[in-house]
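Enquirer:
2 protein chains.
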Amino acid sequence: MTEGSAGGRTPSRAVEQALVDAAERVLVRDGLGGLTVRAVAAEAGVAPMGVYNRFGNKDGLVAAVLARGFDGLAAATSEDTDVDPTARLLACGRNYRRFALAHPQHYGAMFGPGLSQAAPTAELADRADAAFTALVDRVRYGMDRGALRPGDPRGTAQLIWSSVHGAVSLELGGLVLTPDAAASYEALLQMLLDGLR
Amino acid sequence: MTEGSAGGRTPSRAVEQALVDAAERVLVRDGLGGLTVRAVAAEAGVAPMGVYNRFGNKDGLVAAVLARGFDGLAAATSEDTDVDPTARLLACGRNYRRFALAHPQHYGAMFGPGLSQAAPTAELADRADAAFTALVDRVRYGMDRGALRPGDPRGTAQLIWSSVHGAVSLELGGLVLTPDAAASYEALLQMLLDGLR
Numbered sequence: 000m001t002e003g004s005a006g007g008r009t010p011s012r013a014v015e016q017a018l019v020d021a022a023e024r025v026l027v028r029d030g031l032g033g034l035t036v037r038a039v040a041a042e043a044g045v046a047p048m049g050v051y052n053r054f055g056n057k058d059g060l061v062a063a064v065l066a067r068g069f070d071g072l073a074a075a076t077s078e079d080t081d082v083d084p085t086a087r088l089l090a091c092g093r094n095y096r097r098f099a100l101a102h103p104q105h106y107g108a109m110f111g112p113g114l115s116q117a118a119p120t121a122e123l124a125d126r127a128d129a130a131f132t133a134l135v136d137r138v139r140y141g142m143d144r145g146a147l148r149p150g151d152p153r154g155t156a157q158l159i160w161s162s163v164h165g166a167v168s169l170e171l172g173g174l175v176l177t178p179d180a181a182a183s184y185e186a187l188l189q190m191l192l193d194g195l196r
Numbered sequence: 000m001t002e003g004s005a006g007g008r009t010p011s012r013a014v015e016q017a018l019v020d021a022a023e024r025v026l027v028r029d030g031l032g033g034l035t036v037r038a039v040a041a042e043a044g045v046a047p048m049g050v051y052n053r054f055g056n057k058d059g060l061v062a063a064v065l066a067r068g069f070d071g072l073a074a075a076t077s078e079d080t081d082v083d084p085t086a087r088l089l090a091c092g093r094n095y096r097r098f099a100l101a102h103p104q105h106y107g108a109m110f111g112p113g114l115s116q117a118a119p120t121a122e123l124a125d126r127a128d129a130a131f132t133a134l135v136d137r138v139r140y141g142m143d144r145g146a147l148r149p150g151d152p153r154g155t156a157q158l159i160w161s162s163v164h165g166a167v168s169l170e171l172g173g174l175v176l177t178p179d180a181a182a183s184y185e186a187l188l189q190m191l192l193d194g195l196r
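As given, the protein sequences belong to chains A and B, one line each in that order. For the first sequence, numbering that gives the first Met the number 0 assigns the number 0 to the initial residue and increments by one for each residue that follows. For the second sequence, numbering that gives the first Met the number 0 assigns the number 0 to the initial residue and increments by one for each residue that follows.
1) Assuming ARG139(A) is part of the alpha helix (DSSP H), what are its boundary residues?
2) Out of GLY68(B), SER162(B), ARG28(B), ARG24(B), which has the shortest C-alpha to C-alpha gap to MET109(B)?
3) Give a yes or no on whether the C-beta atoms belonging to LEU147(B) and LEU188(B) are separated by under 9 Å.
4) Chain A beta carbons: is any one of them nearer than 9 Å to that of PHE98(B)?
5) What are the residues in the segment 176-194 of chain A lying within 7 Å of chain B by C-beta distance?
6) For SER162(A), which residues from the same chain have a beta carbon less than 7 Å from its beta carbon, with the 5 sequence-adjacent residues on both sides left out?
7) Taking all protein chains shown into account, decide if VAL82(A) is buried (16 or more other Cβ within 10 angstroms of its Cβ) or exposed.
8) Using 9 Å as the limit for Cβ to Cβ distance, is HIS102(A) near chain B?
9) Which of the three DSSP states is assigned to HIS105(A) in this structure?
10) Say whether the segment 151-168 of chain B touches the segment 151-161 of chain A, bearing in mind that this needs 3 or more beta-carbon pairs closer than 8 Å, one atom from each stretch.
11) I'd like to know whether the C-beta of HIS105(B) is nearer than 9 Å to at least one C-beta of chain A.
12) Quick one: Cα of SER77(B) to Cα of ASN52(B), how far?
13) Is there a Cβ of chain A sitting closer than 9 Å to that of GLY141(B), yes or no?
14) Who are the Cβ neighbours of ARG96(B) in its own chain at under 8 Å, not counting the five residues just before and after it?
15) Is there at least one Cβ from chain A nearer than 9 Å to PHE131(B)'s Cβ?
16) Going by C-alpha distance, which of ASP125(B), PRO47(B), ARG153(B) is nearest ASP136(B)?
17) Just the Cα atoms here: how many angstroms apart are MET142(A) and LEU88(A)?
18) Please report the distance separating the alpha-carbon of GLY71(A) from that of ARG28(B).
19) Assign ALA43(B) to one of two classes, buried (16 or more other C-beta atoms within 10 Å of its C-beta) or exposed (fewer than that).
20) Can you check which of these residues, PRO84(B), ALA62(B), GLY111(B), ASP151(B), is closest to GLU122(B) by C-alpha distance?
21) Distance check for VAL45(B) and VAL25(A), CA to CA, integer angstroms please.
22) Do you know offhand how far ALA90(A)'s Cα is from ARG126(A)'s?
23) When the distance is taken between beta carbons, is ALA75(A) closer than 9 Å to PHE98(A)?
24) Roughly how many whole angstroms lie between the Cα atoms of ASP79(B) and GLY173(B)?
25) When the distance is taken between beta carbons, is ALA130(A) closer than 9 Å to LEU41(A)?
26) Enumerate in chain order the residues of its own chain whose CB-to-CB distance from ALA13(A) is below 6 Å, with the five nearest sequence positions on each side excluded.
27) Return the CA-CA distance between PRO84(B) and TYR140(B), expressed in angstroms with no decimal places.
28) Output yes if chain A places a C-beta closer than 9 Å to the C-beta of THR76(B); else output no.
29) Distance cutoff 9 Å, beta carbons only. Does SER4(B) sit that close to anything in chain A?
30) Whose C-alpha, out of LEU114(A), LEU100(A), ASP58(A), is nearest the C-alpha of ALA180(A)?
31) Spell out whether any CB of chain B is found under 9 Å from the CB atom of GLN16(A).
32) Pull up the CB-CB distance for VAL64(A) and VAL19(A), whole angstroms please, since I reckon it's below 8 Å.
33) Could you give the C-beta distance for ALA66(B) and VAL39(B), rounded to a whole number, given that I count them as a contact under 8 Å?
34) Give every residue of the same chain whose Cβ lies closer than 6 Å to the Cβ of PRO47(B), excluding the five residues on either side of it in the sequence, and list them in chain order.
35) Quick one: does LEU34(A) have its CB under 9 Å from some CB of chain B?
36) Are there 16 or more other CB atoms within 10 angstroms of the CB of GLY107(B), so buried, or fewer, so exposed?
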């Protein structure tokens with residue numbers, strides 16, 4: 000089997016990517032409960048055995064979709080590289096919410112029941128850790144430049160993550176009890192900066 | 000039908016309470032997915048028709064269990080009436096976490112998929128609102144006494160709720176990436192006080 004020319008993908012890898020694409024469409028359409036080997040096979044137009052052979056079972060499918068989600072979140076929150084540490088942190092927070100609102104089914108699966116359902120592979124843990132590390136890096140950048148007070152960057156990142164995760168979870172659940180969810184989220188980011196400065 | 004002597008409950012009301020008790024046991028044992036009319040009837044030792052007659056269907060059962068949950072959360076977060084406004088806010092935050100960790104299935108149902116699954120009755124909305132109001136009252140108390148800077152108490156309560164909800168949701172999901180979840184939660188409460196002062 001030769002390497003394909005586009006991005007060095009082998010044909011086998013391309014088939015796998017096409018199946019994960021199909022799995023993402025099923026997740027968005029039918030939710031986590033509908034993400035079955037049979038549904039993904041039908042969506043991709045292949046025999047169920049083709050899905051079983053690559054992903055094992057539903058757990059493997061969920062893990063593949065979650066890995067895509069963590070990659071997308073890491074990319075979104077690493078996007079802004081503003082030199083100003085406060086601006087970089089604010090952009091990270093805004094991009095976190097944007098990702099969650101644009102991909103609610105992924106977000107719910109990544110940090111809800113999906114994660115515990117998925118086979119906890121080392122690869123998946125690495126991808127999730129990379130998404131958290133994007134935030135830790137921004138916190139460290141902010142501490143080094145006086146935008147946040149010195150401390151353990153992972154500990155401070157956990158506090159920020161708790162708050163933004165809670166805010167977007169409530170928003171996705173229709174539980175923002177104030178008139179303007181976007182304004183409330185901006186006030187949350189400012190509160191975090193004030194409380195951690 | 001005469002009023003019963005214990006707490007003014009009619010026998011009919013006592014039966015209903017016994018069915019909600021049974022529904023709570025099913026929720027704790029089998030999760031939200033297992034909370035069916037059939038399972039609750041079996042748990043309570045009655046015919047399924049007895050459950051249908053009082054709760055209609057699964058939605059009605061979920062709503063009844065969620066209402067209990069909101070009452071419990073409101074009671075837990077209203078418990079402490081320390082005169083010092085900072086101490087009262089801290090106790091409210093600690094009691095929120097204690098309730099969630101002690102009742103993870105209720106908590107997950109109250110603020111996860113359960114709430115959107117339940118028939119959105121006016122009564123349930125009132126019970127949920129009462130739980131939020133317990134926090135708003137504490138925020139107003141803190142603003143009036145200088146522990147929090149002046150502002151819209153509901154808006155500030157939404158920020159606090161976002162953060163504590165996120166923290167306990169991550170903890171219930173096994174997603175606290177620092178060594179000590181209790182210490183991280185205390186740091187979160189302090190961050191909220193610092194950021195809102």
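No residue lacks a Cβ here, since even glycine has one placed at the ideal position from N, Cα and C.
Expert: In short:
1) 121-143
2) When only C-alpha atoms are compared, the closest one is GLY68(B).
3) no
4) no
5) LEU176, THR177, SER183, ALA186, LEU187, MET190, LEU191, ASP193, GLY194
6) LEU187, LEU191
7) exposed
8) no
9) It is helical.
10) yes
11) With its beta carbon at least 9 Å from every one in chain A, HIS105(B) lies outside the interface.
12) 34 Å
13) no
14) VAL163, ALA166, VAL167, GLU170, TYR184
15) yes
16) If we check each option's Cα against that of ASP136(B), ARG153(B) comes out closest.
17) Roughly 11 Å between the two C-alpha positions.
18) 36 Å
19) buried
20) ALA62(B)
21) Distance between the alpha carbons of VAL25(A) and VAL45(B): 40 Å.
22) For ALA90(A) and ARG126(A), the distance between alpha carbons rounds to 21 Å.
23) yes
24) 28 Å
25) Leu is not the amino acid found at residue 41(A); the sequence shown has Ala there. Cβ distance not < 9 Å, so ALA41(A) and ALA130(A) don't count as in contact.
26) none
27) Whole-angstrom Cα-Cα distance: 6 Å.
28) no
29) For SER4(B), the predicted structure reports a pLDDT of 45, less than 50, and the residue's modelled location is therefore unreliable. The matter cannot be settled from this model.
30) LEU100(A)
31) no
32) 7 Å
33) Incorrect: roughly 15 Å between the Cβ atoms, too far for contact.
34) So the list reads VAL36, ARG37, ALA40, once near-sequence residues are dropped.
35) no
36) So GLY107(B) counts as buried.
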